[in-house]
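Novice:
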Amino acid sequence: MDNNVSSTHWDIVIVGGGNAALCAAIEGASAGQRVLMLESAPRVYRGGNSRHTRNFRCMHTGPLAHLTDDYGEAEYYDDLLRVTAGKTDEALARLAIRYSEDCLPWMQAQGVRFQPSLSGTLSLSRTNAFFLGGGKALVNAYYNRAADLGVEVLYDAEVTDITLDNNRFETLQATVDGQSVTLRGRSIVLASGGFQADLDWLARAWGPAARNFLIRGTPYNRGVVLKNMLDQGAVSVGDPTQCHAVAIDGRAPQFDGGIVTRLDCVPFSVVVNRNGERFYDEGEDVWPKRYAIWGRLVAAQPDQVAYVIIDAKSIDLFMPSLYPPTTADSIAALGAAMGIPLDTLTHTITTFNAGCRDGDFFPTELDGLATEGVHPPKTNWARPIDTPPFYGFSLKPGVTFTYLGLQVDQTARVFGPNGPYDNVWAAGEIMAGSILGQGYLAGFGMTIGTVFGRIAGQQAAASVATFHSNS
201 MDNNVSSTHW DIVIVGGGNA ALCAAIEGAS AGQRVLMLES APRVYRGGNS
251 RHTRNFRCMH TGPLAHLTDD YGEAEYYDDL LRVTAGKTDE ALARLAIRYS
301 EDCLPWMQAQ GVRFQPSLSG TLSLSRTNAF FLGGGKALVN AYYNRAADLG
351 VEVLYDAEVT DITLDNNRFE TLQATVDGQS VTLRGRSIVL ASGGFQADLD
401 WLARAWGPAA RNFLIRGTPY NRGVVLKNML DQGAVSVGDP TQCHAVAIDG
451 RAPQFDGGIV TRLDCVPFSV VVNRNGERFY DEGEDVWPKR YAIWGRLVAA
501 QPDQVAYVII DAKSIDLFMP SLYPPTTADS IAALGAAMGI PLDTLTHTIT
551 TFNAGCRDGD FFPTELDGLA TEGVHPPKTN WARPIDTPPF YGFSLKPGVT
601 FTYLGLQVDQ TARVFGPNGP YDNVWAAGEI MAGSILGQGY LAGFGMTIGT
651 VFGRIAGQQA AASVATFHSN S
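Here is the structure:
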């Protein structure tokens, strides 16, 4: 696998280099087709956002791999409806859910290994299968499998234009190592992600506030292919202001900080804005079902920043942070260290503490331990912030991927102005907006990418086989 590509004519051309692209490539090559992948990143950064993932949300009946108990279609779909507020394509969503059960053993057959849930993720042991070695290990396993199957890969290969004629893909233009090349294929799978790394595009959608956002994932997902397809009349889905955005450590880098910059302490905390005021229920639901709303919540606050305040009782209840917290022996000293107005912060914490009630505290499940007479309420895990030392983290919105994308059918075929294109499929983040109208469910992005990547690869291969049989 290097940049000395062996041909300019291919059975299947796949644009992208992450989970969805790899699943499509493996399926296409397994069916005997000649497959080329175009990864816009350098080899060392291959894999897109998949490098930073940890797990895959999976329907199952009975224990499966390290998954425990059952996680059926009805519960899975209900979980999705709650985080999306019903903004989902039910047929595509149920397809992803049902197909996920078959995907896990398929992933194992490609060399992906799983491990039990770790401390701090025990609430996911029934619903999410964790990758041994994380997303980078998954990506490497898939690339190794793709190499064994004869898939060729070009790195530093940015697709700039896709030629469509009579409802068919014919050729594409790409810049590879700074040189322009033309490639031809009998079918194409678009798996090149969203547009989140293009800060100008984000600012056009969100306004100037978006320039304060941090991008958790790859800097190479700039939406070039997405824009090219939309400009040619491909049907779009999703709202450009909707995205998978979580609250991450405000000290994270502008790009590619990954999952380690996420902070999981919100359910056991008080969260205030720069004025020292609470603005949302920190205990609304278990964290895997609510962590992805906090990016948008923080984005709506002054200067797109917020602060987590916790005490000694809670410091060991969540996954350790990448950066150490600010620490102080009093709330006043903590506020001073973090630049939060002291009078307001003190009043907020005092009011919150007065609203806390006695009850049983269960950190891994909804415990109903709620405040009274406090606005906004905290409906679970509400314990006074009263035990020094006190700890604080700054929060900023961390965008993982955007939901504006391409409309597809249940075979992953992309819709053009005259109906589905004959030989164009899409998978992963570039079409996830069909299913994720808003919100996010932990591990579901990997589910969408795996399911539709496999379907796209299978369908593209079948299309090519039909072409060969008719020629």
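Count along the sequence shown from 1, add 200, and you get the number used in this note's numbering. Just so it is clear, CB atoms sit at the ideal spot from N, CA and C, and this is done for glycine as well. Because the structure is a prediction, the values reported are computed rather than measured.
(1) Candidates D361, Q501, R384, A357: which alpha carbon is nearest T375's?
(2) Tell whether a beta-carbon distance below 8 Å holds between Y343 and L238.
(3) Assuming V151 and G385 make a contact with CB atoms under 8 Å, what is their CB distance in whole Å?
(4) Figure out for me which residue from I226, R234, T253 has the closest Cα to the Cα of A309.
(5) CB-CB under 8 Å to G598, same chain, minus the five flanking residues each way: which ones, in chain order?
(6) Contact between the region 462–480 and the region 255–262: three or more CB pairs below 8 Å?
(7) Check whether the region 505–525 touches the region 587–595, counting contact only when three or more Cβ pairs, one atom from each stretch, lie closer than 8 Å.
(8) Given a threshold of 16 other Cβ atoms within 10 Å of its Cβ, counted over all protein chains shown, does N618 qualify as buried or as exposed?
(9) So, at 7 Å on beta carbons, what are the nonlocal neighbours of M201 in its own chain, with the 5 sequence-adjacent residues on each side left out?
(10) So, does the region 578–590 touch the region 476–483, judging by three or more C-beta pairs under 8 Å?
(11) G619 by DSSP, collapsed to three states: which one?
(12) With distances taken between CB atoms, is the gap from A434 to F615 smaller than 8 Å?
(13) What residue range is occupied by the uninterrupted alpha helix (DSSP H) comprising M237?
(14) Once the 5 residues before and after P316 are set aside, which same chain residues still bring their CB inside 6 Å of it?
(15) I think G628 touches G649, with their Cβ atoms under 8 Å apart; what is that distance to the nearest whole Å?
(16) Within 10 angstroms of the Cβ of R490, are there 16 or more other Cβ atoms? Answer buried if so, exposed if not.
(17) For I509, which residues does DSSP report across the bridge?
(18) Taking only three categories from DSSP, how would you classify N328?
(19) Around the Cβ of R478, are there at least 16 other Cβ atoms within 10 angstroms (buried) or fewer (exposed)?
(20) Cα separation between F395 and T602?
(21) State the Cα-Cα distance for the pair T268 and D558, rounded to the nearest angstrom.
Specialist: So, from the listed chains and residues:
(1) It is A357.
(2) Result no, Cβ atoms of Y343 and L238 do not sit closer than 8 Å.
(3) The structure shown does not extend to residue 151, since the chain is modelled only from 201 through 671, so no value can be given for it.
(4) In this structure, I226 is the residue among I226, R234, T253 with its C-alpha nearest to the C-alpha of A309.
(5) The answer, listed in chain order, is F413, L414, I415, R416, A445, V446, A447, I448, A452, G457, T461, R462, G495.
(6) Flag = no, the region 462–480 and the region 255–262 do not touch.
(7) Two segments are said to touch when three or more pairs of C-beta atoms, one from each, lie closer than 8 Å; by this definition the region 505–525 touches the region 587–595.
(8) It counts as exposed.
(9) Unreliable positioning characterises M201 in this predicted model, as indicated by a pLDDT of 39, which lies under 50. The coordinate reading is nonetheless provided below. The residues A347, E352, V353, in chain order, have a CB closer than 7 Å to that of M201 in the same chain once the five nearest residues on each side in sequence are set aside.
(10) The region 578–590 is in contact with the region 476–483.
(11) Reduced to three states, the DSSP call for G619 is strand.
(12) Taking 8 Å as the cut-off, the Cβ atoms of A434 and F615 count as close.
(13) Taken as a continuous stretch (DSSP letters only), M237 belongs to no alpha helix (DSSP H), being part of the beta strand (DSSP E) at 235–238.
(14) So the qualifying residues of the chain are H266.
(15) That pair is a contact at about 4 Å.
(16) The Cβ neighbour count for R490, taken over all protein chains shown within 10 Å, is at least 16; the residue is labelled buried.
(17) In DSSP, I509 forms a bridge with V470, G592.
(18) Strand.
(19) Looking at its Cβ environment, which holds 16 or more other Cβ atoms inside 10 Å, R478 is buried.
(20) When rounded, the separation of the alpha-carbon atoms in F395 and T602 is 6 Å.
(21) Here the alpha carbon of T268 sits roughly 32 Å from the alpha carbon of D558.
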